[in-house]
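Undergrad: Protein chains in written order, with this note's numbering: chain A, 1 to 121; chain B, 122 to 242.
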DNA sequence: AAAATAAATAGTAATGATTACTATTATTAT
DNA sequence: ATAATAATAGTAATCATTACTATTTATTTT
């Protein structure tokens with residue numbers, strides 16, 4: 001896999017952010033540095049980077065894929081009111097149980113839903 | 122919320138199945154009993170039932186929403202090869218940790234990825 | 001270094017799951 | 001029974017994502 005200016009840029013944007021941007025948000029950021037980059041290029045590279053395991057996709061109920069450049073095992077809390085996604089770096093589920101069931105686990109995605117402290121008030 | 126024949130049917134199909142069907146699969150099942158039911162009605166009712174908490178939506182990477190009528194807290198294992206979704210009725214994460222962070226948890230969705238025993242071989 | 005080969009891009013068109021819309025039908029209330 | 005309300009069927013619109021194509025950029029070969 002070659003790393004063109006555009007691909008590098010997309011990868012850098014995702015791993016440089018602590019939120020969980022959508023393709024469109026990444027596209028907007030990218031255009032500030034590479035004004036001619038096309039949306040298709042952003043999508044293509046996001047998909048390639050995800051396939052390579054260089055970023056993680058979060059499929060939420062808003063129908064848009066969110067991208068996470070933080071590859072450490074962690075979960076996410078999604079606020080039902082404001083939609084904010086909060087990282088949860090608690091200890092992960094034990095995978096042993098699943099291995100004992102004949103399932104080999106390569107990754108996990110856990111989402112918790114509720115109200116964040118702002119919206120709870 | 123009135124329970125029309127169609128709404129009842131959609132609800133029954135989802136809660137009667139142990140797989141995790143998409144809207145289209147539910148539509149096909151529904152048409153066997155109610156041949157004139159429209160796809161829009163299926164979608165509308167699935168959304169309403171989900172809002173009411175009578176079923177759970179699973180947003181997977183195949184871009185189609187899967188519906189789960191089993192409301193007990195459980196996780197899912199998704200096979201990276203065949204896409205099969207397997208229920209995991211292990212004990213859930215403890216929510217106390219999150220409550221202590223000021224997050225009130227109303228539900229959770231956890232996905233584990235890997236290869237199922239069939240595909241592993 | 002020029003020619004040949006391969007990969008990546010920009011820009012646009014197509015896809016497809018989901019939602020919105022509208023006229024009609026069914027249900028409930030007065 | 002009539003009026004008011006909700007739900008439906010069927011179709012059109014939406015919109016995130018993908019596919020496509022001609023062109024550009026990078027790599028390899030001679």
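The beta-carbon is built from N, C-alpha and C at its ideal position, and this holds for glycine as well. Computed from a predicted structure; not experimentally measured.
Taking residue 209/B and residue 195/B to be in contact with their CB atoms under 8 Å, please state how far apart those CB atoms are, rounded to whole angstroms.
TA: Indeed, because the Cβ distance is near 6 Å, the residues count as touching under 8 Å.
Undergrad: Give me the Cα-Cα distance between residue 91/A and residue 197/B, rounded to the nearest whole angstrom.
TA: Only weak support is given to the placement of residue 91/A: the predicted model assigns it a pLDDT of 46, under 50, and the value that follows is read from those uncertain coordinates. When rounded, the distance between both Cα atoms is 18 Å.
Undergrad: Just checking: is the beta-carbon of residue 22/A within a distance shorter than 8 Å of some beta-carbon in chain B?
TA: no
Undergrad: Along the chain, where does the beta strand (DSSP E) that runs through residue 68/A open and close?
TA: 65-68
Undergrad: Would you please verify whether the beta carbon of residue 61/A is less than 8 Å from any beta carbon of chain B?
TA: yes
Undergrad: Is residue 135/B closer than 8 Å to residue 151/B when the C-beta atoms are compared?
TA: It is not a contact, given that the beta carbons lie outside the stated cut-off.
Undergrad: How would you list, in chain order, the residues of chain A whose beta-carbon sits under 9 Å from the beta-carbon of residue 178/B?
TA: Contact of residue 178/B with chain A by beta-carbon distance below 9 Å involves 61.
Undergrad: May I ask you to report which of helix, strand or coil DSSP gives residue 174/B?
TA: coil
Undergrad: Using three-state DSSP, classify residue 82/A as helix, strand or coil.
TA: Coil at residue 82/A, not helix or strand.
Undergrad: Can you give the Cα-Cα distance for residue 23/A and residue 34/A, rounded to whole angstroms?
TA: Using only the alpha carbons, I get a separation of about 15 Å.
Undergrad: Give the secondary structure of residue 251/B by DSSP, where H, G and I count as helix, E and B as strand, and everything else as coil.
TA: For residue 251/B there is no data in the structure shown, the boundaries of chain B being 122 and 242.
Undergrad: With burial defined as no fewer than 16 other Cβ atoms inside 10 Å of the residue's Cβ, what is the status of residue 189/B: buried or exposed?
TA: That one is buried.
Undergrad: In whole angstroms, give me the CA-to-CA distance for residue 167/B and residue 202/B.
TA: 28 Å
Undergrad: Apart from the five residues just before and just after residue 110/A, which ones in its own chain have a Cβ nearer than 6 Å to its Cβ?
TA: The residues 75, in chain order, have a CB closer than 6 Å to that of residue 110/A in the same chain once the five nearest residues on each side in sequence are set aside.
Undergrad: Residues in the same chain with beta-carbon distance under 6 Å from residue 78/A, minus the five sequence neighbours each way, listed in chain order, please.
TA: 85, 111, 113
Undergrad: Using a 10 Å radius around the Cβ and a threshold of 16 neighbouring Cβ atoms, would you call residue 173/B buried or exposed?
TA: It is exposed - the Cβ of residue 173/B has fewer than 16 other Cβ atoms within 10 Å.
Undergrad: Cα separation between residue 100/A and residue 238/B?
TA: 11 Å
Undergrad: If you compare alpha carbons, which of 2/A, 58/A, 19/A, 6/A is closest to residue 40/A?
TA: 6/A
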